[in-house]
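In what follows, a structure is listed as structure tokens, so that the remarks can point back to it.
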Amino acid sequence: MSVYFWSSVLICAMVAESLWAGPSTEYVVYPRFLQARGMNGTKLLQINEKITLHLEKSSVLAENLVVSTLNGNKQVDTLVDGREVEKDIYQDQSQMAAVSVTKKAETVEVRGSLGHTLRIAPLPLMGTL
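Those letters in the sequence shown? Residues -21 to -1, 1 to 108, per mature numbering (1 follows the signal peptide of the UniProt record, and there is no 0), in order.
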């Protein structure tokens, strides 16, 4: 089987594990892209002073995906365009990280798994002004 297949399986497993993990300590971080690029054209995303990811594009391999969610006890299946999903998906294999990175104005929104024990997601808005 191809490296891309196993990379996709690993990413899915990491995301599933991060979703099922119990409560943990929360930290507020402000991720940012560094101007320098890593070796092989990877993007450098600094999460905090201790964690910097060397991101490379990841592939979901399928043109269309079926995403299953639970609504109460009912399973809801949705067909999703795989190319649209993978446009923001990156991985850092050395740190076992799989993240979705979206640039919004002057900020970077990051969601995903940073290894086996850390997850990252945007804070919910605290109301409106």
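We put the beta carbon where it would ideally sit given N, CA and C, even for glycine.
Buried versus exposed, by CB contacts within 10 Å (16 or more), residue i
{"i": "Val45", "result": "exposed"}
{"i": "Thr107", "result": "Residue confidence for Thr107 is low, a pLDDT of 49 falling below 50, so the modelled location carries little weight; the figure read from the coordinates is stated next. So Thr107 ends up on the exposed side."}
{"i": "Leu24", "result": "buried"}
{"i": "Thr96", "result": "exposed"}
{"i": "Pro10", "result": "buried"}
{"i": "Ala76", "result": "buried"}
{"i": "Thr4", "result": "exposed"}
Counterpart residues of residue i in DSSP-defined beta bridges
{"i": "Gly91", "result": "Val78 and Ile99"}
{"i": "Ser47", "result": "Asp56"}
{"i": "Leu34", "result": "Lys22"}
{"i": "Lys66", "result": "DSSP, once it has assigned bridges, lists no residue as partnering Lys66."}
{"i": "Lys83", "result": "Thr86"}
For residue i, the nearest candidate out of the options (CA to CA)
{"i": "Glu35", "options": "Glu5, Asp67 and Pro103", "result": "Asp67"}
{"i": "Gly55", "options": "Gly61, Ser47 and Met75", "result": "The residue you asked about is not Gly; residue 55 is Val in the sequence shown. Among Gly61, Ser47 and Met75, the Cα nearest to that of Val55 is on Ser47."}
{"i": "Lys22", "options": "Val78, Asn50 and Leu49", "result": "Val78"}
{"i": "Gly94", "options": "Leu32, Tyr6, Thr81 and Arg62", "result": "Leu32"}
{"i": "Gly91", "options": "Glu63, Gly61 and Gln70", "result": "Gln70"}
{"i": "Asn43", "options": "Gly61, Val87 and Phe12", "result": "Gly61"}
{"i": "Glu65", "options": "Lys29, Ser37 and Tyr6", "result": "Ser37"}
{"i": "Ile26", "options": "Val89, Gly20 and Asn52", "result": "Val89"}
{"i": "Leu13", "options": "Val7, Thr57 and Ile30", "result": "Ile30"}
{"i": "Val59", "options": "Ala41, Leu102 and Gly20", "result": "Ala41"}
{"i": "Thr86", "options": "Pro101, Thr57, Lys53 and Gly51", "result": "Pro101"}
{"i": "residue 136", "options": "Glu28, Thr57 and Ile99", "result": "This structure leaves residue 136 out entirely; the chain is present only between -21 and 108."}
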